[in-house]
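The sequence shown begins at 12 in the working numbering and counts up by one.
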Amino acid sequence: MRTDGDLLKDVQTELQWDPTIAEREIGVMVKDGVATLTGFVDTFPQKWAAQRAAERVSGLRAMADDLTVRLASRHERDDTSIAHAVANALTWDVEVPHQNVAAKVSHGTVTLEGKVDWQYQRIAAERAIRYLTGVRSVLNRLLIVPSAVASDAVQRIRAALHRGAELEARKIHVDASEGRITLRGTVHSWAERQDIERAAWSTQGVTAVDDLITVSP
């Protein structure tokens, strides 16, 4: 069992190791296996990268992000300029059904609204605008409304888990109700939990995933 001190050291080291993160003003706290990031970063991509870096640390049960984006003057843009850039980025990304996605910009925060068929399209829309200059945060409110629901969603998800990690798949319970998937069980790391959640989202007809999996190193 790893201590909070061990986890704290590993999160700090991971932040220092990632060259995309200016970690000088990032504080880290770990209590009962839950890491909390505090402080300031220069851009929204740095905030996102810091989240991913912390989640890579084995043994964490969860991660809370209290980082604030404090844009340098060279990164600031007015909302109108950001809105034009967002519209272009969504149009040019082949994985985004841009005709179904609407974007609003307020004080550098971009809100995405509309309906898509798949979770990967929802993720792609956010990814397309994440690195635009001037963006401080992204609120992804896209709804997944699939054109068809797979009747054997549970079997498909279980098959995907067995293909990826047979031993761990035996410990995961999958339930489905009208497109909503509920995952239960225990894994050894936050990364494993995310992999299982991605497998659920990759199944046709899934509109929501309730991830109740517990991380127990």
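From the three backbone atoms N, C-alpha and C, an ideal C-beta is built for every residue, glycine too.
Close beta carbons around residue i, own chain, < 7 Å, minus the five adjacent residues each side
i, result
"R88", "T144 and G145"
"V185", "V165, I168, R169, I192 and L194"
"D104", "A135 and A139"
"T102", "H109"
Among the options, nearest to residue i - alpha-carbon criterion
i, options, result
"R174", "N151, T14, T47 and I207", "I207"
"A139", "E189, N99, D128 and A171", "N99"
"S213", "Q130, V226 and V22", "Q130"
"V226", "V45, L82 and L19", "V45"
"V39", "T49, R152 and E25", "T49"
"L172", "P56, G196, N151 and S188", "G196"
"I97", "A114, I224, Q62 and D21", "First, the amino acid is wrong: residue 97 is Val here, not Ile. The candidate whose alpha carbon is nearest that of V97 is A114."
"Q205", "L71, P56 and S92", "L71"
Minimum Cβ-Cβ distance from residue i to chain C less than 8 Å
i, result
"L194", "Any reference to chain C falls outside this structure, which holds one protein chain only."
Cβ shell of residue i (< 6 Å), same chain only, five flanking positions each side left out
i, result
"S200", "S69"
"K126", "N111, L154 and V156"
"A94", "V116"
"Q62", "D76"
"V149", "V121 and E137"
Straight-line Cα distance separating residue j from residue i
i, j, result
"A136", "V220", "19 Å"
"E66", "A202", "7 Å"
"L154", "A75", "24 Å"
"D17", "R141", "32 Å"
"W59", "T120", "14 Å"
"L80", "H86", "The identity of residue 80 in the sequence shown is Val, whereas the question assumes Leu. So the alpha carbons of these two residues sit roughly 11 Å apart."
"M12", "L123", "41 Å"
"D128", "G216", "8 Å"
"S188", "A211", "13 Å"
"L178", "D15", "With a pLDDT of 48 at L178, under the threshold of 50, the modelled position of this residue cannot be trusted; read the value that follows with caution. For L178 and D15, the distance between alpha carbons rounds to 27 Å."
"L223", "D43", "18 Å"
"D163", "I183", "17 Å"
"K22", "R152", "Reading off the sequence, residue 22 comes out as Val, not Lys. V22 and R152: Cα-Cα distance of roughly 30 Å."
"I32", "T218", "33 Å"
"S84", "I37", "20 Å"
"W28", "Q132", "30 Å"
"K20", "A73", "16 Å"
"R35", "V41", "18 Å"
"R209", "S92", "34 Å"
"P30", "T47", "20 Å"
Cβ neighbours of residue i in the same chain (closer than 8 Å, five flanking residues each side left out)
i, result
"D90", "V116, S117, H118 and G119"
"L82", "D53, T54, G119, G145 and R147"
Return the chain-ordered ranges of every alpha helix (DSSP H) run that is complete within the stretch 73–155 and spans a minimum of 4 residues.
-> 90–103 and 130–141
Pick out the complete beta strand (DSSP E) segments inside the stretch 13–58, 3 residues or longer, and give them in chain order.
-> 37–42 and 45–52
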